Each structure stands twice: as structure tokens, then as C-alpha cells.
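Note that our numbering gives residue 62 to position 66 of the sequence shown, counting from 1, and the numbers run on in steps of one.
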Amino acid sequence: MDDKVNIPAALAELGEFWSQRTVAQANGQLFKVAKGIGSTNWHRHDDQDELFIVYEGRLTIQLEDRSVELGPGDIFVVPRGTMHCPKADVESRFLIAGLNITSTAAGGKPAMSHQG
């Protein structure tokens, strides 16, 4: 992995919607770029928080008791064990940070996530 990452270029290389690509690792954290439109399935991460940073577009993080609307420059952390469902009404590009986000264990990666 190169020392320098160009976020717009990394986002442009993504394939399918809800695909993710690891662009950096630091202190046990994975930093990924992702894009989406529509929504993933409801899911949770039992062993980690998940941080979203919106780069472009709008992202709604649906929680069981509320929805959090995010726009460019906004950051939101979904606490570990919290059921959530990211949704984008327009094509959106964002960064995700967390431990082993691609885990396929129970409470891990949502079914609609793809490596891109």
C-alpha cells in the first residue's frame, strides 16, 4: 500500500454500489472508501464501532430509534452492537473506519457489501 492516497482517485476506482476498498491501515484500524445508492441490509458489528465520513452526496444512517442525516464533511460513529442500515437516496461516496470491517462473522459485514 502506498504512503499517499488520493481519495477522489480511490473513489473513482470503485465498482459496484456498496463496494469498499481499503486505502490505509493504522493502529489496527482499516480506512476504506465506499460508494452507495439505495441501502444495505440491517446489521450490526458486535466487536467494533463503525465510523462514517461523507465525502460527496448524502448518507442516512438508519438506527432502530432514529435516523442520522449526513452530508459532505459530516462524521458519525455507529457504536458497536448497534443495529443500523446505511441508506443513500443519491449516489454518495464516503469513508469508513473500523476494526476488520469486512468480517463475515455474525454481526459482521452486511450482505450487500462488496470488495471493489
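Glycine included, every Cβ here is placed at the ideal spot set by N, Cα and C.
On a predicted model such as this, the values are computed, not experimentally measured, just so you know.
Residues ASP45, GLU46, ILE57 and HIS80 of the same chain have their beta carbon placed closer than 7 Å to that of VAL74, with the five preceding and five following residues left out of the count.
Look at LEU91 here: in three-state DSSP terms it is strand. A contact is defined here as three or more CB-CB pairs under 8 Å, and the stretch 2 to 10 fails this definition with respect to the stretch 59 to 76. As computed with DSSP, ARG62 is found in no beta bridge at all. Residue state for LEU10 is assigned as coil, using DSSP reduced to three classes. Beta-bridge annotation (DSSP): ARG17 is paired with VAL29.
DSSP places VAL73 inside the beta strand (DSSP E), whose first and last residues are 71 to 74.
Excluding sequence positions up to five before and after ALA93, its CB lies within less than 8 Å of the CB of GLN25, LEU26, PHE27, LYS28, GLU46, LEU47 and ILE49, all in the same chain and listed in chain order. Leaving aside the five residues that flank GLY34 on each side, none in its chain has a CB nearer than 6 Å to its CB. Burial state of SER88 is buried, judged by a 10 Å Cβ sphere holding 16 or more other Cβ atoms. In the displayed model, PRO68 falls within coil according to three-state DSSP, outside both helix and strand.
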